[in-house]
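Visitor: I have a structure I would like to understand better, so I am pasting it below and will then ask my questions one at a time.
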């Protein structure tokens, strides 16, 4: 029989938004993902912005000061780049609401000049709002972002936006709408293991273990060494009454990702499974 404490852990489950072996907080990983989603060579981050973003990772306070000093003289897209950099530095410092404000200001400046960049800024602004816990405003920003991305024919970013929209919808108790967003993400990016993992997690939380198993199997095929997928696979297995499969999944996490938080979680699950 499943121990009571393990049952509680299973309901919570792992955090599928975290990266495979995170070197930075999961929230910053998500922001980076949106920031680096590109459409083509023409829409890639300019060197001067890339340098500023790299500077922000080394010294966020100095990067903010330097970008702010350039902001007064900047115009058009150059002004958007400085605001983008300031927002990123603020995000690194955990000032998510301030960061979102600067990303949105940069988005508005880029609108009409670089639609793909504007859409990308909207996506990272929404991600900052999600990190700040402002899910309602994030949904509004995501709505504009998906429209901007569609206008720019920016398919890869639309899939990422749908994943963020699902996160916000789950947080606001809109499970059915979240499932629809995840279905769009899977359609747009069938090779995204994250889309299948998040779909599995939502289906499991909605007690649809058959769908959850199907989704997690696809995620595993796409990214077999991802410890988050291994954790979720074990959760689904144990809730389905298959303790042996759960044990194999969690042991694979311990073996493939030693020293990570996921491995630590898997060890805890394994210990409770034997009680």
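In my numbering, the protein residues as written are 1399 to 1673.
Even for Gly, the Cβ is constructed at its ideal location relative to N, Cα and C.
1) Using CA atoms only, rank isn't needed, just tell me which of 1546, 1542 and 1488 is closest to residue 1512.
2) So, are the CB atoms of residue 1480 and residue 1497 less than 8 Å apart?
3) Just to confirm my understanding: we take residue 1656, look at its own chain, exclude 5 residues before and 5 after, and list those with CB closer than 7 Å. What are they?
4) What residue from 1648, 1488 and 1549 has the CA that sits closest to residue 1517's CA?
5) Okay, do the stretch 1501-1509 and the stretch 1456-1472 touch, 3+ Cβ pairs below 8 Å being the bar?
6) Buried or exposed: residue 1474, going by 16 or more other Cβ atoms within 10 Å of its Cβ?
7) Residue 1476: which of 1487, 1446 and 1429 sits nearest, CA to CA?
8) Using 10 angstroms around the beta-carbon of residue 1531, count the other beta-carbons present and answer buried if the total reaches 16, otherwise exposed.
9) If you follow the alpha helix (DSSP H) that residue 1618 is in, where does it begin and where does it stop?
10) Under a three-way DSSP split, which group does residue 1500 fall into?
11) Alpha carbon to alpha carbon, how far is residue 1647 from residue 1582? Give it in angstroms, no decimals.
12) Please work out which residues of its chain come closer than 6 Å, Cβ to Cβ, to residue 1507, disregarding the five sequence neighbours upstream and downstream, and give them in chain order.
13) Excluding the 5 residues preceding and the 5 following residue 1488 in the sequence, name in chain order all residues of the same chain whose CB lies nearer than 6 Å to its CB.
14) On the premise that residue 1525 lies in contact with residue 1429, defined as a C-beta separation below 8 Å, what is that separation, rounded to the nearest angstrom?
15) Would you kindly work out how many angstroms separate the C-alpha atoms of residue 1490 and residue 1458, rounded to a whole number?
16) Is it true that the CB of residue 1603 sits closer than 8 Å to the CB of residue 1561?
17) Could you tell me if residue 1454 is buried or exposed, where buried requires 16 or more neighbouring beta carbons within 10 angstroms of its beta carbon?
18) Which residue marks the beginning of the alpha helix (DSSP H) containing residue 1545, and which one marks its end?
19) Can you find the residues in the same chain that come closer than 7 Å, C-beta to C-beta, to residue 1577, ignoring five residues on each side of it along the sequence?
20) Could you check if residue 1553 is buried or exposed, using at least 16 other CB atoms within 10 Å of its CB as the buried criterion?
21) May I have the straight-line CA-CA distance separating residue 1444 from residue 1450, to the nearest angstrom?
22) Taking DSSP as the reference, what is the three-state secondary structure of residue 1493?
23) Quick one, which of 1658, 1586 and 1641 has its alpha-carbon nearest residue 1669's?
24) Going by other Cβ atoms of all chains shown within 10 Å of its Cβ, with 16 needed for buried, is residue 1589 buried or exposed?
25) Classify residue 1468 as helix, strand or coil using the three-state DSSP reduction.
26) Just to confirm the assignment, what range does the alpha helix (DSSP H) spanning residue 1665 have?
27) What is the DSSP secondary structure of residue 1581, reduced to helix, strand or coil?
Guide: Checking against the coordinates, here is how it stands:
1) Out of 1546, 1542 and 1488, the CA that lies nearest to the CA of residue 1512 is found in 1546.
2) no
3) No residues qualify anywhere along the chain.
4) 1549
5) no
6) exposed
7) 1446
8) exposed
9) 1607-1620
10) helix
11) 28 Å
12) Answer for residue 1507: 1477 and 1478, listed in chain order.
13) 1496 and 1497
14) That pair is a contact at about 5 Å.
15) Residue 1458 has its alpha-carbon roughly 7 Å from the corresponding atom of residue 1490.
16) no
17) Buried: at least 16 other Cβ atoms inside 10 Å.
18) 1533-1549
19) Residues of the same chain with a CB within less than 7 Å of the CB of residue 1577, apart from the 5 flanking positions on each side, are 1600 in chain order.
20) exposed
21) 10 Å
22) Collapsing the DSSP output to three states places residue 1493 in coil.
23) The candidate whose alpha carbon is nearest that of residue 1669 is 1641.
24) exposed
25) helix
26) 1659-1671
27) Annotated three-state conformation of residue 1581 is helix, per DSSP.
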